[in-house]
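Plus 1064 on top of the position in the sequence shown (first one is 1) and you've got the numbering used here.
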Amino acid sequence: MEKWDDDDEKSPISHKLLISLFVGFFVFIFIAVLFIMVPWLNFQENTDWTSVLIDNAIILVIGGVFFFGMLMATRMR
């Protein structure tokens, strides 16, 4: 009879990699939702491409600052 023992076998995927994959997925979804919601919230009848590009640039900068902060927080530990 086989027994379930986690100590005998190593997991094929580490916990650190799994957590980073989940965090990356959630960051991607968060940025994707912002790309959709920010132009809709700021929608006016006379919108042009420059306002949409500025909104997208702001979203990317905020995402970059958040990612950089998370990266620095993990490296300081």
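The C-beta atom is built at its ideal place from N, Cα and C for all residues, glycine as well.
Got a sec? Which residues, its chain only, sit under 8 Å from Val-1091 by beta carbon, not counting five neighbours each side?
Residue mapping note: residue 1091 aligns to position 27 of the sequence shown, counting from 1. If we look at Val-1091 and ignore the five residues flanking it on each side, its Cβ neighbours are Gly-1127, Phe-1130, Phe-1131.
May I have the straight-line CA-CA distance separating Val-1097 from Gly-1088, to the nearest angstrom?
For the purposes of this step, residue 1097 is identified with residue 33 of the sequence shown, where counting begins at 1. For the purposes of this step, residue 1088 is identified with residue 24 of the sequence shown, where counting begins at 1. Between Val-1097 and Gly-1088, the C-alpha separation is close to 14 Å.
Please report the Cβ distance between Ile-1095 and Ile-1123, rounded to the nearest whole angstrom; I am assuming they are in contact, meaning their Cβ atoms lie under 8 Å.
Taking the first residue of the sequence shown as 1, we reach residue 1095 at position 31. Taking the first residue of the sequence shown as 1, we reach residue 1123 at position 59. 6 Å between Cβ atoms; contact.
Which of the three DSSP states is assigned to Ser-1115 in this structure?
Residue 1115 sits at position 51 when you count from the first residue of the sequence shown. Correct three-state label for Ser-1115: helix.
Tell me which residues share the same chain as Asn-1120 and place their Cβ nearer than 7 Å to its Cβ, disregarding the 5 neighbours each side in the sequence.
As a working mapping, residue 1120 is identified with position 56 in the sequence shown. Result list for Asn-1120: Phe-1099, in chain order.
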